[in-house]
Amino acid sequence: MAPRAGRDDGPGRCHPRRAQSLPRPRGLAAADGSAHRGDPQDPGQSRLSTALPEFALSQAERLELAAQLRGSNLVETKLTPALEADLDLCTAEERFIPTRAGDTRVVIVTPKSPARAPRPLFLNIHGGGFVRGYQRRDTVFCAHLASQLDAVVVDLDYRLAPEHPFPTALHEGYDIARWAVANAGALGADPKRFALGGHSAGGNLTAAICLMARDSGDFTPLGQLMSYPFLDGITPAEDKLEPHSIFPPARLRAFSACYAGVEENLYNPLLSPILASDEALTGLPPALILTAGLDPLRFEARKYAARLIAQGNDVTVRQYADADHGFLIACHTRFAEARTEIVRWLSALFTDCVS
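Rendered as structure tokens:
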């Protein structure tokens, strides 16, 4: 499995909701990423993240900032042969798929064992603050899901900010999800058993893709997985962070500015899903949300979970009290428990669809 360019090492039938042409609810952005601001959900929406200095940077300065962010490493645990064992059980095929952003690179991870029936299908969306990724670690994670679930896993290598700001990565993610479902048969997968998920920035994109799919009816995911997701772009970084955090405020601001491009985009519910209207949050796929007890993003994740539950959605939240942001991909404290929970949840989801 070769490393991916641009990302460093570091009981019956399924009954999906019938596709409908629905009006876009207030508080949800258009599929082109343009903002349609809805009614404030709480006082926080009226408070912009206070003139982030990073938004005053030129593009050249943002590129320099991104280079610094890519040079830093929040993921330090060395991958061992034991952690990489699932790689030997799978194949990985690189493909470039046409999307609105151009040809988008994906890696399709498939179990080597013969398929007994069309397999479940999962789209993985990496984290890294929209600015970087962890290629080898994502491949290891995808191989684990593929081997444990006997599933086809499509690993999305979206374009990074600030070179490609919002909504580029979102467009790529949505288009690849739609492509994967439409081409599931050719992939050896069952389009009815499709789910998606991501970590950190990838959790943000997962939430936004599900909001868009809910309105478009292009596809209906069985479930959405969000691991320590970034969901709130308007609360100032200084108000989120705690003394022990691995994120200095400047780093979190930098990630937000590089992805948003312009400060107004922070108000777009497709960038800050926490701002989506109540109507926009109805009828969404079941969600598994994983949080880390040392991660400042846990508060927005729990708030989003509460809002989803309030609108009648099926939500499971698991917090790992002594873990920090990125622990799942970094293979840090409690990562094995979290992977087991993900496999258990997805397995139940896929099994219920065919049993």
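Using full-length UniProt numbering, the letters of the sequence shown correspond one by one to residues 1 to 355. Backbone N, C-alpha and C fix where the C-beta goes; we use that ideal spot for every residue, glycine too. Owing to the predicted nature of the structure, the values given are computational and were not obtained by experimental measurement.
- Assigned with DSSP and collapsed to three states, N265 falls in helix.
- Two segments are said to touch when three or more pairs of C-beta atoms, one from each, lie closer than 8 Å; by this definition the region 193 to 207 touches the region 315 to 328.
- In the structure shown, T139 adopts helical secondary structure according to DSSP, grouped into three states.
- The Cβ atoms of G129 and F230 lie closer than 9 Å to each other.
- DSSP places R302 in the uninterrupted alpha helix (DSSP H) bounded by R298 to A310.
- Using a Cβ distance threshold of 9 Å, A177 and L123 count as a contacting pair.
- In the displayed model, R253 falls within a helix according to three-state DSSP.
- Across the set F96, T291, N313 and L308, the C-alpha of T291 shows the shortest separation from the C-alpha of T333.
- The region 94 to 113 makes contact with the region 163 to 182, as at least three CB pairs between them are under 8 Å.
- Taking 9 Å as the cut-off, the beta carbon of C90 is found no closer than this to the beta carbon of D190.
- Note on geometry: alpha-carbon atoms of E172 and T206 lie some 12 Å from one another.
- CA-CA distance, P286 to N313, rounds to 6 Å.
- The beta carbon of N183 is closer than 6 Å to none in its chain, skipping five residues each way along the sequence.
- Exclusion of the five residues before and after R253 leaves L52, E54 and A237 as the residues of its chain whose Cβ lies within less than 6 Å of its Cβ.
- Annotated three-state conformation of F166 is coil, per DSSP.
- When rounded, the separation of the alpha-carbon atoms in L187 and E64 is 39 Å.
- Distance from the CA atom of D175 to the CA atom of I108, rounded to whole angstroms, is 15 Å.
- Annotation for Y320: L290, T291, A292, G293, F327, T333, R334, E337 and A338 place their beta carbon closer than 8 Å to its own, counting only its chain and skipping 5 residues before and after.
- Distance between P167 and C258, taken at the CA atoms: about 12 Å.
- Per the DSSP secondary-structure output, S227 pairs in a beta bridge with H199 and L290.
- With respect to the 9 Å criterion, L225 and L284 are not classified as neighbours on the basis of their beta carbons.
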